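Here the sequence shown is numbered in the numbering used here, starting from 3 and rising by one per residue.
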Amino acid sequence: MSEIIITKENFEKEVLGCRDMPILIDFWASWCGPCMMLSPIIAEIADEMQGRVKVCKVNVDEQPELSAMFRVESIPLLAVVKDGKITAQSAGYRPKEKVLELLR
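Have a look at this one:
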């Protein structure tokens with residue numbers, strides 16, 4: 003399973019409507035070096051945790067409304083959503099182990 007691209011059009015269905023597993027959202031931009039370093043880690047987690055975690059990506063340049071909703075001030079920003087509520091957030095590059103800790 004690859005990451006799901008989140009837009010304001012599918013946010014409600016893909017994020018708020020998902021109650022059966024935690025959601026990891028990666029807020030990123032194509033010009034962001036740390037975002038590009040984190041991207042393969044996010045893709046790996048999406049593959050390894052398929053069926054247990056929904057992994058989503060939000061391009062902050064294309065989705066300013068979602069960025070504002072999550073109060074994104076620096077990227078990359080990882081947010082974990084469970085039952086429609088943010089349970090963890092982390093800004094900046096993180097190694098895979100630290101990203102996985104957010105999901106616990």
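We put the beta carbon where it would ideally sit given N, CA and C, even for glycine. All values derive from a computational prediction rather than experimental measurement.
In summary, N12 is exposed, with fewer than 16 beta-carbon neighbours lying within 10 Å of its beta-carbon over all protein chains present.
Beta-bridge analysis with DSSP links L79 to F29, A93. Boundaries of the alpha helix (DSSP H) harbouring V101: 98-104, taken from the DSSP string. Annotated three-state conformation of V57 is strand, per DSSP. Per the C-alpha coordinates, the member of P24, W33, C58 positioned closest to I7 is C58. In this model, C20 and A93 are separated by some 23 Å (Cα to Cα).
By the Cβ test, the stretch 77-93 is in contact with the stretch 15-30, since at least three Cβ pairs between them sit closer than 8 Å. As computed with DSSP, K84 is found in a beta bridge with K87.
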